[in-house]
């Protein structure tokens with residue numbers, strides 16, 4: 060089985076831990092979740108880390124946009140602030156899923172519990188992904204609305 064490496068915040072399971080986690084019987088992809096539905100803890104942790112990075116990039120983008128919104132755009136600013144809260148919540152879900160998978164990867168954890176943790180993490184990650192997609196759509200709408208303003212707000216948001 061090839062090694063599923065992730066970022067530094069996620070430990071890579073040892074060979075004995077990998078054998079205890081349900082893995083697809085087909086060939087192992089070049090990176091987690093590449094050619095199969097991520098069902099093993101390692102793949103799910105990788106997916107959580109990658110999605111959390113996506114959320115953090117969106118948080119930075121929204122935060123920058125909020126800070127450049129002029130004072131006339133108070134309603135837009137409050138919309139973006141509520142999006143920031145939503146993105147923070149999504150990020151927390153990904154972090155919780157990652158922590159749960161790391162804890163379940165231990166040698167002393169029974170396989171039943173590992174499988175249950177993987178199913179719960181997969182469900183949490185999927186729900187957070189749907190919420191992130193919805194928030195991304197709202198962000199794009201608000202950016203489009205802010206960019207179409209005839210006053211100087213468009214120039215400020217593009218900087």
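Numbering (the working numbering), first residue to last: 60 to 218.
Each residue gets a CB set at the ideal place from its N, CA and C atoms; glycine is no exception.
Of the choices the options, whose alpha-carbon is the least far from that of residue i?
i: residue 203; options: 183, 139, 187, 104; result: 139
i: residue 109; options: 207, 191, 178, 201; result: 191
Taking the alpha-carbon positions, what's the residue i to residue j distance?
i: residue 183; j: residue 162; result: 16 Å
i: residue 104; j: residue 137; result: 33 Å
i: residue 142; j: residue 102; result: 28 Å
i: residue 173; j: residue 122; result: 37 Å
i: residue 112; j: residue 153; result: 10 Å
i: residue 115; j: residue 165; result: 28 Å
i: residue 155; j: residue 196; result: 24 Å
i: residue 87; j: residue 176; result: At residue 87, the pLDDT of 38 sits below 50, so the modelled position is not reliable; the number obtained from the coordinates is stated separately. So the alpha carbons of these two residues sit roughly 21 Å apart.
i: residue 120; j: residue 178; result: 32 Å
i: residue 167; j: residue 151; result: 26 Å
Thinking C-beta only, is residue j closer than 8 Å to residue i?
i: residue 157; j: residue 107; result: yes
i: residue 186; j: residue 160; result: no
Counting only the same chain and skipping the five closest in sequence on each side, list residues whose C-beta sits under 8 Å from that of residue i.
i: residue 199; result: none
i: residue 194; result: 117, 142, 145, 146, 149
i: residue 188; result: 110
Any chance the CB of residue i is under 7 Å from a heavy atom of the ligand ZN?
i: residue 193; result: The model depicted lacks the ligand ZN and carries no ligand whatsoever.
Any beta carbon from chain C within less than 8 Å of residue i's own beta carbon?
i: residue 108; result: The chain inventory of the structure shown lacks chain C, comprising one protein chain alone.
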